[in-house]
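Protein chains: 2
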Amino acid sequence: MNTTPIPATTIEFHLAERPVGWPTADTFRRVERTLPPLAEGEVRVANRFVSVDPYMRGRMNLGESYVAPFELNEALTGGAVGHVVESNAPELPVGTAVSHDFGWRSVAQGPAASFRRAAEIPGVPLSTSLGILGMTGLTAFVGLRDIASIKPGDVVFISGAAGAVGTAAGQIARLMGASRVIGSAGTAAKVALLTERYGFDAAFNYTDDAPVAEQLAAAAPEGIDVYFDNVGGEHLEAAIGAFRRGGRAALCGAIAEYNTTEPAVGPRNMSRIITQSITLRGFTLGDHVAAAPAFAQAMGEWFAAGEIVYDETVVAGIENTPQAFIDLLRGANIGKMVVRVDA
Amino acid sequence: MNTTPIPATTIEFHLAERPVGWPTADTFRRVERTLPPLAEGEVRVANRFVSVDPYMRGRMNLGESYVAPFELNEALTGGAVGHVVESNAPELPVGTAVSHDFGWRSVAQGPAASFRRAAEIPGVPLSTSLGILGMTGLTAFVGLRDIASIKPGDVVFISGAAGAVGTAAGQIARLMGASRVIGSAGTAAKVALLTERYGFDAAFNYTDDAPVAEQLAAAAPEGIDVYFDNVGGEHLEAAIGAFRRGGRAALCGAIAEYNTTEPAVGPRNMSRIITQSITLRGFTLGDHVAAAPAFAQAMGEWFAAGEIVYDETVVAGIENTPQAFIDLLRGANIGKMVVRVDA
């Protein structure tokens, strides 16, 4: 039984305006409001961690994305995890750990069906249910297994590899039999972490002067079979150029393009897609929830066997959520970035 | 029994130099040579038709392609069809119609295993075994069925639709259940042919002032599901922009890019591949020969039922093979272009 006092108010962060280019403090508005009484079948949840993820930048724009744009003057929705502190729903008693999609707020309240039980593993922080054991781990798993059809022996390249999805993907690729795993990251410290902690066979810094294509060719002199793309832009062109025949790319993110106001430059080597029988396939997790049980089983076994390491960048205090998100887009995180609600 | 006199010499066209940009008459060299006596197990074949195909332009370059570059000072290899005129192989007696890959020459000679029997259908020219009943028909079939995974109800867009592969693809798409088939072509006459003869629901001229994206949006106001790409460049970007969620592109050719010496411009809307879960997949026929029996059965039934129309652009005279190829790259053909060996 959890002994948290029942909060009567919630602190939320709303989308105040749609950013052009990089979001700023003015993009968001802090709102504190009193919660209405619980209705029948509802629970109130004191959040422990809320998630900040690169994909949220796309939802701040109007226009099409894979999920609807965020509404102006509403709390930003997204992953969060906490404990039930008040319950009118017998299936979720007080003290139950739950994850949900109510996003950037200190307290969430709604019908019990909107919340999922979260595993509480001794010695493992609850925040992992937003990361390696949750959406980001599943994203890496689906991208490699279902989108890129990874096979034992494949040479795998992962861009933005020190991020939440990248660190998961590098380890999952190795566990799925990759013969060589190569990663790119944006600082020397991250590059070192990839080879020293995450088991990448080679890694390089994409902010170095040498073009990505050159650095990739040096790291994978015989070419690559699978590319897991978190960055887009120059990285995607380099991967197309490095693919061996039958290469497969899972396009997951394009953080290089999220905040730019310049026109995008497309890969100039698309003809290789024909001559080398390459497949580029984009995906978003919403289409692949059916993979969650297989992921939970595989990751549960790997995790229990000590095969998985992870890092979290934990920002303390719900008040710092907007800044944490801005820092995430600048690459300040190693592994999954989460905001701990308590300061 | 065929009564053609046995030729003692062959006229061949060799690759004299690797073209930069558009090929010219200087790219090729005419060579007439005396044939050696037939060895045991060999046949001599008087060609009736030789094939000129856009993919041959890629083989004229050095560097990687899906098949090895043409050798300098050798006859260009490729599809051809003719009759056995002399045989040291009992399985292919004189008079047998055969297709083969010895390419641009009036007479072919080699081991019987290098020749395949060609169907002779009353009232149907033998040249169709190079086109609608042969490689080009199979290319359209594989691209739609195996690469783009066409489903009944799909809206299908085909670029370069008045060419050999395009005219086949438009009809096969309809026969596979497409709800709407849209084509682009480079002259008003070709555009008219697409809707009036080939059953396309809509077609437009990509040389008009209006951008391809605008013309495609007008022809497919609710978007497209499948794109069969013979052109590349601006067409591919337009298709990416028009895809509905889950759209699939079969990248077969990029004739817009074959002869340009300008740097290619890549699609500037690659981020849509992620947000709309789009798949771009390149293919070359060599990986899909296993589909030939299924194609032969399906096409045989459609053809016999009168469901398939086709055009051929027949150039008379083996001497005109290089010019036919150059004209093909300029879009002078409607349907499959072949060279009839006899003038």
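As given, the protein sequences belong to chains A and B, one line each in that order. Sequential numbering of the first sequence, starting at 1, is according to the UniProt record's numbering. Sequential numbering of the second sequence, starting at 1, is according to the UniProt record's numbering. Even glycine gets a Cβ: it sits at the ideal position worked out from N, Cα and C. Owing to the predicted nature of the structure, the values given are computational and were not obtained by experimental measurement.
Short of 7 Å in beta carbon distance, which residues of its chain neighbour residue i, apart from the five on each side in sequence? Order them along the chain.
i	result
arginine 197 of chain A	Val309
glycine 41 of chain A	Asn88, Ala89, Pro111, Ala112
serine 115 of chain B	Checking the sequence, you will find phenylalanine at residue 115 of chain B rather than serine. Result list for phenylalanine 115 of chain B: Val43, Val45, Leu92, Val98, His100, in chain order.
alanine 324 of chain A	Val52, Val315, Met337, Val339
threonine 139 of chain A	Val165, Cys252, Leu285
For residue i, which residues in chain A fall below 8 Å Cβ to Cβ?
i	result
phenylalanine 283 of chain B	Ile274, Ser277
Should residue i go down as buried or exposed, given a rule of 16 or more other Cβ atoms within 10 Å for buried?
i	result
glutamate 12 of chain B	buried
asparagine 73 of chain A	exposed
proline 322 of chain B	buried
valine 20 of chain A	exposed
leucine 236 of chain B	buried
glycine 166 of chain A	buried
threonine 261 of chain A	exposed
proline 23 of chain B	buried
leucine 216 of chain A	buried
glutamine 276 of chain B	buried
leucine 62 of chain A	exposed
isoleucine 278 of chain B	buried
arginine 330 of chain B	exposed
isoleucine 6 of chain B	exposed
alanine 39 of chain B	exposed
alanine 185 of chain B	buried
alanine 238 of chain B	buried
How close, in whole Å, do the beta carbons of residue i and residue j come, if the pair is a contact with beta carbons under 8 Å?
i	j	result
glycine 253 of chain B	tyrosine 55 of chain B	7 Å
glycine 266 of chain B	phenylalanine 243 of chain B	Contact doesn't hold; Cβ gap of about 16 Å is too wide.
valine 339 of chain B	valine 315 of chain B	5 Å
aspartate 201 of chain B	aspartate 154 of chain B	With a Cβ gap of about 12 Å, aspartate 201 of chain B and aspartate 154 of chain B do not count as contacting.
serine 129 of chain A	alanine 113 of chain A	Contact flag wrong, Cβ pair sits at about 18 Å.
asparagine 320 of chain A	glycine 163 of chain A	About 19 Å; that fails the 8 Å criterion.
leucine 272 of chain B	alanine 264 of chain A	First, the amino acid is wrong: residue 272 of chain B is arginine here, not leucine. Rounded, the Cβ-Cβ distance is 10 Å, inconsistent with contact.
alanine 213 of chain B	glycine 183 of chain B	About 16 Å; that fails the 8 Å criterion.
valine 191 of chain A	alanine 203 of chain A	5 Å
For a contact meaning CB atoms closer than 9 Å, what does residue i contact in chain A?
i	result
valine 265 of chain B	Val265, Gly266, Arg268
Between which residues of its own chain and residue i is the CB-CB distance below 8 Å, once the five residues before and five after are set aside?
i	result
valine 341 of chain A	Ala46, Asn47, Arg48, Phe49, Val50, Gly82, Ser106, Gly317, Ile318
methionine 1 of chain A	A caution first: methionine 1 of chain A carries a pLDDT of 49, below 50, which makes its placement in the model unreliable, though a value can still be read off. Closer than 8 Å at the Cβ level, and outside the excluded window around methionine 1 of chain A, lie Val94, Gly95.
arginine 281 of chain A	Ile147, Ala148, Arg248, Ala249, Ala250, Leu251
alanine 16 of chain B	Asp26, Thr27, Phe28, Arg29, Leu72, Asn73
alanine 75 of chain A	Glu12, Phe13, His14, Val31, Phe102, Gly103, Trp104, Arg105
threonine 10 of chain A	Glu32, Arg33, Leu35, Arg105, Ser106, Val107, Ala108, Gln109
glycine 199 of chain A	Gly170, Gln171, Arg174, Val181
glycine 177 of chain A	Ile150, Lys151, Pro152, Gly153, Asp154
aspartate 208 of chain B	Gln215
serine 127 of chain A	Arg48, Phe49, Val81, Glu312, Val314, Lys336, Val338, Arg340
alanine 188 of chain A	Asn205
Residues of chain A with CB under 7 Å from residue i, in chain order?
i	result
alanine 291 of chain B	The contacting residues do not exist; alanine 291 of chain B stays about 14 Å from chain A at best.
Starting from the beta carbon of residue i, find every residue of chain B whose beta carbon is closer than 9 Å, and list them in chain order.
i	result
serine 271 of chain A	Gly58, Gly232, Leu251, Ala254, Glu257, Tyr258, Ala264, Gly282
aspartate 287 of chain A	Arg245, Gly246, Ser277
Since residue i meets chain B, which of its residues come closer than 7 Å, beta carbon to beta carbon?
i	result
leucine 236 of chain A	Met270
Near residue i, which residues of its chain fall below 6 Å by C-beta distance, leaving aside the five closest residues on each side in sequence?
i	result
tyrosine 258 of chain B	Arg57
serine 87 of chain A	Val43, Pro93, Val94
phenylalanine 283 of chain A	Ile147
leucine 328 of chain A	Val52, Met337
valine 156 of chain A	Ala173, Ala178, Val181, Val226
glycine 134 of chain B	none
valine 142 of chain A	His288, Ala291
isoleucine 240 of chain B	Pro267, Asn269, Arg272
So with Cβ pairs under 9 Å, would you call residue i a contact of chain D?
i	result
alanine 304 of chain B	Chain labels in this structure do not include chain D; the protein chains are A and B.
Can you check the region 230 to 316 of chain A for any beta strand (DSSP E) of at least 3 residues that lies completely inside it and give the ranges in chain order?
-> 243 to 251, 279 to 282, 312 to 316
With a floor of 4 residues, list each alpha helix (DSSP H) that falls wholly inside the region 117 to 151 of chain A, ordered by position along the chain.
-> 135 to 142
What runs of the beta strand (DSSP E), each 3 residues or longer, lie entirely inside the region 12 to 73 of chain A?
-> 28 to 34, 42 to 51
Could you name each continuous beta strand (DSSP E) segment of 3 residues or more that falls completely within the region 159 to 230 of chain A, going from the start of the chain to the end?
-> 180 to 185, 202 to 205, 224 to 229
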